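Visitor: Numbering (the numbering used here), first residue to last: 3 to 633.
The beta-carbon is built from N, C-alpha and C at its ideal position, and this holds for glycine as well.
Note that the structure is a prediction, hence the values are computed from the model and not measured.
#1: Compare the C-alpha of residue 470 against each of 444, 434, 122, 399 and name the closest.
#2: Could you round the C-beta distance between residue 484 and residue 477 to whole angstroms and report it? I think they count as a contact, below 8 Å.
#3: Can you tell me which of the three DSSP states residue 382 falls into?
#4: According to DSSP, which residues form a beta bridge with residue 543?
#5: Tell me the rounded alpha-carbon separation between residue 632 and residue 198.
#6: Would you mind stating whether residue 464 and residue 559 have Cβ atoms separated by less than 8 Å?
#7: Considering only residues of the region 315-381, which uninterrupted beta strand (DSSP E) runs meet the minimum length of 3 residues and lie entirely inside it, listed in chain order?
#8: DSSP state of residue 566, grouped into three classes?
#9: Report the three-state DSSP secondary structure of residue 233 (helix, strand or coil).
#10: Taking the beta carbon of residue 580 as the centre, do at least 16 other beta carbons fall within 10 Å, making it buried, or is it exposed?
#11: Would you call residue 308 buried or exposed, if buried means 16 or more other Cβ atoms sit within 10 Å of its Cβ?
#12: Is it right to say residue 231 is buried, meaning 16 or more other beta carbons lie within 10 angstroms of its own, or is it exposed?
#13: Return yes when the Cβ of residue 596 is within less than 8 Å of the Cβ of residue 568, no when it is not.
#14: Look at the alpha carbon of residue 350 and the alpha carbon of residue 102, and state the distance between them as a whole number of angstroms.
#15: When burial is assigned at 16 or more other CB atoms within 10 Å of the CB, is residue 390 buried or exposed?
#16: Determine the contact status of residue 222 and residue 265, defining contact as a CB-CB distance below 8 Å.
#17: According to the Cβ coordinates, are residue 509 and residue 295 closer than 8 Å?
#18: For the region 118-161, list the alpha helix (DSSP H) runs that are entirely contained and at least 4 residues long, ordered along the chain.
#19: Can you give me the C-alpha to C-alpha distance between residue 373 and residue 193, rounded to a whole angstrom?
#20: Tell me where the beta strand (DSSP E) around residue 528 begins and ends.
#21: How close, in whole Å, do the beta carbons of residue 210 and residue 226 come, if the pair is a contact with beta carbons under 8 Å?
#22: How many whole angstroms separate the CB atoms of residue 355 and residue 237, which I take to be in contact at a CB cut-off of 8 Å?
#23: Helix or strand or just coil, what does DSSP make of residue 182?
#24: Do residue 130 and residue 613 count as a contact pair if the criterion is CB distance below 8 Å?
#25: Drop a sphere of 10 angstroms on the beta-carbon of residue 636, count the other beta-carbons inside from all chains shown, and report buried for 16 or more, exposed for fewer.
#26: With a Cβ-Cβ cutoff of 8 Å, do residue 380 and residue 239 count as a contact?
#27: Start and end of the beta strand (DSSP E) containing residue 555?
#28: According to DSSP, what are the bridge partners of residue 586?
#29: In the DSSP assignment, find the unbroken beta strand (DSSP E) run with residue 513 in it and report its ends.
#30: Spatial neighbours of residue 183 within its chain, please: CB distance less than 6 Å, with the 5 preceding and 5 following residues excluded, ordered by chain position.
#31: Name the two residues that bound the continuous alpha helix (DSSP H) containing residue 392.
#32: Does the beta-carbon of residue 127 have 16 or more other beta-carbons within 10 angstroms, so that it is buried, or is it exposed?
#33: Just to confirm, are residue 396 and residue 201 a CB contact at a threshold of 8 Å?
#34: Is it buried or exposed, residue 407, if we count other Cβ atoms within 10 angstroms and call 16 or more buried?
#35: Does DSSP put residue 224 in a helix, a strand or coil?
#36: Along the chain, where does the alpha helix (DSSP H) that runs through residue 433 open and close?
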């Protein structure tokens, strides 16, 4: 290398690398970029490791802060808190290492902590908070006087991190929100009211009723409302005919030569929507549903810069009617992106079950829109699914109403398996998945899914996936290699969106199967197609024979094993249990080790409250002249 003039790190260049034997210009460019990237990573590690901050955070910090992450942290060490699992103590330690004279009341620290507190609230689903609650959360970090709190809020506001917002409770308190969430929630309200205000009837009432032949009176009114109003909602539990109603909306649009887009938050939910609409509609209504991210044209992965979606107000989605299923999973930021991309006069039908778990991300979009009373709502309550899925639907419907009913004696559709503890529960789960269910019901392995509320413990996702892999696909196979613990035949679940993966992207929560392995890559077959997975995307992949209830939401499988271990006791709630029970189509086994905590949770613990502003924003907006939804 000395012959090419590379005598030290400062002498590395594309020209010098290209002068090396057998190094082409293209390879020299690639080597130089890798060298620069490695150098930036090394500079970042030099900051982190001496402060006992994990070196593995280098990649995540680069994703969060960009290639100049080391320089950014030197300028403002509290930017470390961009990572959700970073602690204030770690950021303080880094700050003192860089500047021993740094003060606890440093404005950079104040604004970072104010944003950190609100970000923590956001991970619990809240979009805003009263100032007193923020002050309480800041107190343990030494920001414990009104002046210090005001300074922290002012610094974060000046930096564009947080924004003052009106008190949604009308109690006269001061409220604040992360700026990104305040903007998103304002946008959701603004765009919903805009769609309602600008809409004209899509078809006449007679045509809507004709497309509803075979539906009951309540379902028919939902179709009529979707045709007449810019925004309408359709809710109900399993087996009440939501999909048949959506199929009638599709029929109505096709007959009137109106374009329609069907979407859901996850790939499996979108596929299920396509299948159910096709099965429940007239011949030729099998319109293909897609994920919301695909509908919007997602064009970047985690940590990448630039606009997230191709479609927005300047490049809108071209559809006369948009149907969004599984809307309980819709968080406020994704909802804002979707609504901004819908032009005036577009009709939006929001379909969902508010009794399910709310979105993982901040907000309570479906619940807030329902509570606002600003749009027509049709709630389906008649249970039609009496044969296929009948027992499952009855059990789920009872849980939805706060009652845990016993399975009927001799009923093989729902089986309750009581166990004495987590270890016994895990043993029974493996037995059910690998022997009992396939043998009794003739269901293949890929049609069986294990769902549990927890990651840790003997009956959490981690231990169950290890146990199931050991029996179902121990690997490695003679003709393929193991990559990052994954073998051909392994079931995997994505934990981040990679919509730009080749040849077909995939979304967070999608479950797939490894069909091939390369030197440092996997090829996975997801619901929407195959994807090549390598690099940092491998770190966002987990084994998926067992998934959490949150990851299972929006998906269905032929057979589901719900395991409820004792350690899930504090997490159990009616929405969580109900969501878990409604994942199965044909057979449901409930491995019950939670004792009386399960019935108590279903009876007493409803949805955990979220502090949001959307409902009052909609109520105030719909009360203004010209915003009453009239044509």
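Guide: Short version:
#1: Within the chain shown, residue 470 is the residue found at index 468, counting from 1. If we check each option's Cα against that of residue 470, 434 comes out closest.
#2: Here residue 484 refers to the residue found at position 482 of the chain shown. Here residue 477 refers to the residue found at position 475 of the chain shown. Cβ atoms of residue 484 and residue 477 come within 8 Å of each other, at about 6 Å.
#3: Numbered from 1 along the chain shown, position 380 holds the residue referred to as residue 382. Note: residue 382 maps to strand in three-state DSSP.
#4: Numbered from its first residue, the chain shown carries residue 543 at position 541. In DSSP, residue 543 forms a bridge with 496.
#5: Counted from its first residue, the chain shown places residue 632 at position 630. Counted from its first residue, the chain shown places residue 198 at position 196. Any answer about residue 632 is weak, because its pLDDT of 42 lies below 50 and its placement is not dependable; what the coordinates show is given next. Their Cα atoms are separated by approximately 8 Å.
#6: Along the chain shown, read from residue 1 onward, the residue named residue 464 stands at position 462. Along the chain shown, read from residue 1 onward, the residue named residue 559 stands at position 557. No.
#7: For the region 315-381, whole beta strand (DSSP E) runs of length 3 or above, ordered along the chain, are 323-326, 349-354.
#8: Taking the first residue of the chain shown as 1, we reach residue 566 at position 564. Reduced to three states, the DSSP call for residue 566 is strand.
#9: For the purposes of this step, residue 233 is taken as residue 231 along the chain shown, with counting starting at 1. The three-state reading of DSSP puts residue 233 in strand, counting E and B together.
#10: In the chain shown, the residue the question calls residue 580 occupies position 578. Burial call: buried.
#11: Reading the chain shown from its first residue, position 306 is the one you call residue 308. Because residue 308 carries a pLDDT of 47, less than 50, the predicted location of this residue cannot be relied on, and no value is offered for it.
#12: Here residue 231 corresponds to residue number 229 of the chain shown, with the count starting at 1. In summary, residue 231 is buried, with 16 or more beta-carbon neighbours lying within 10 Å of its beta-carbon over all protein chains present.
#13: Along the chain shown, read from residue 1 onward, the residue named residue 568 stands at position 566. Along the chain shown, read from residue 1 onward, the residue named residue 596 stands at position 594. In this structure, residue 568 places its C-beta atom within 8 Å of the C-beta atom of residue 596.
#14: One-based indexing of the chain shown puts residue 350 at position 348. One-based indexing of the chain shown puts residue 102 at position 100. Across the structure, residue 350 and residue 102 are spaced so that their CA atoms are roughly 57 Å apart.
#15: One-based indexing of the chain shown puts residue 390 at position 388. Any answer about residue 390 is weak, because its pLDDT of 46 lies below 50 and its placement is not dependable; what the coordinates show is given next. Exposed: under 16 other Cβ atoms inside 10 Å.
#16: Walking along the chain shown from the start, residue 222 turns up at place 220. Walking along the chain shown from the start, residue 265 turns up at place 263. In this structure, residue 265 does not lie closer than 8 Å to residue 222 by Cβ.
#17: For the purposes of this step, residue 509 is taken as residue 507 along the chain shown, with counting starting at 1. For the purposes of this step, residue 295 is taken as residue 293 along the chain shown, with counting starting at 1. Going by C-beta atoms, residue 509 is nearer than 8 Å to residue 295.
#18: Every alpha helix (DSSP H) of 4 residues or more that sits fully in the region 118-161 is shown, in chain order, as 133-140, 148-160.
#19: Indexing the chain shown from 1 puts residue 373 at position 371. Indexing the chain shown from 1 puts residue 193 at position 191. Taking the straight line joining both Cα atoms gives about 17 Å.
#20: On the chain shown, residue 528 is found 526 positions in, with the first residue counted as 1. Boundaries of the beta strand (DSSP E) around residue 528: 523-528.
#21: Indexing the chain shown from 1 puts residue 210 at position 208. Indexing the chain shown from 1 puts residue 226 at position 224. Indeed, because the Cβ distance is near 5 Å, the residues count as touching under 8 Å.
#22: Residue mapping note: residue 355 aligns to position 353 of the chain shown, counting from 1. Residue mapping note: residue 237 aligns to position 235 of the chain shown, counting from 1. The pair is a contact, with the Cβ atoms about 6 Å apart (cut-off 8 Å).
#23: In the chain shown, counting from the first residue as 1, residue 182 sits at position 180. DSSP places residue 182 within a helical segment (H, G or I) once states are collapsed to three.
#24: On the chain shown, position 611 is the one that residue 613 refers to. On the chain shown, position 128 is the one that residue 130 refers to. Taking a C-beta distance under 8 Å as the contact criterion, residue 613 and residue 130 qualify as a contact pair.
#25: Summary: the structure shown does not reach residue 636, with the chain confined to residues 3 through 633, and so no result is reported for it.
#26: The residue you call residue 380 lines up with position 378 of the chain shown. The residue you call residue 239 lines up with position 237 of the chain shown. No. Outside cutoff.
#27: Within the chain shown, residue 555 is the residue found at index 553, counting from 1. For residue 555, there is no enclosing beta strand (DSSP E), as DSSP gives it neither H nor E.
#28: Against the chain shown, residue 586 aligns to sequence position 584. Answer by DSSP bridge pairing, in chain order: 559.
#29: Residue mapping note: residue 513 aligns to position 511 of the chain shown, counting from 1. Here the beta strand (DSSP E) through residue 513 covers 513-519.
#30: Position 181 of the chain shown, counted from the start, is the residue given in the question as residue 183. If we look at residue 183 and ignore the five residues flanking it on each side, its Cβ neighbours are 129, 364.
#31: Residue 392 sits at position 390 when you count from the first residue of the chain shown. Here the alpha helix (DSSP H) through residue 392 covers 392-402.
#32: Position 125 of the chain shown, counted from the first residue, corresponds to residue 127. When all chains shown are included, residue 127 counts as buried.
#33: For the purposes of this step, residue 396 is taken as the residue at position 394 of the chain shown. For the purposes of this step, residue 201 is taken as the residue at position 199 of the chain shown. No, these two residues do not count as a Cβ contact at 8 Å.
#34: Counting from one through the chain shown, the residue named residue 407 turns up at place 405. By the neighbour-count criterion, in which a residue is buried when 16 or more other Cβ atoms sit within 10 angstroms of its Cβ, residue 407 is exposed.
#35: Taking the first residue of the chain shown as position 1, residue 224 is located at position 222. DSSP, reduced to helix, strand and coil, places residue 224 within a helical segment of the structure shown.
#36: Position 431 of the chain shown, counting from 1, holds the residue named residue 433. Residue 433 -> alpha helix (DSSP H) spans 424-433.
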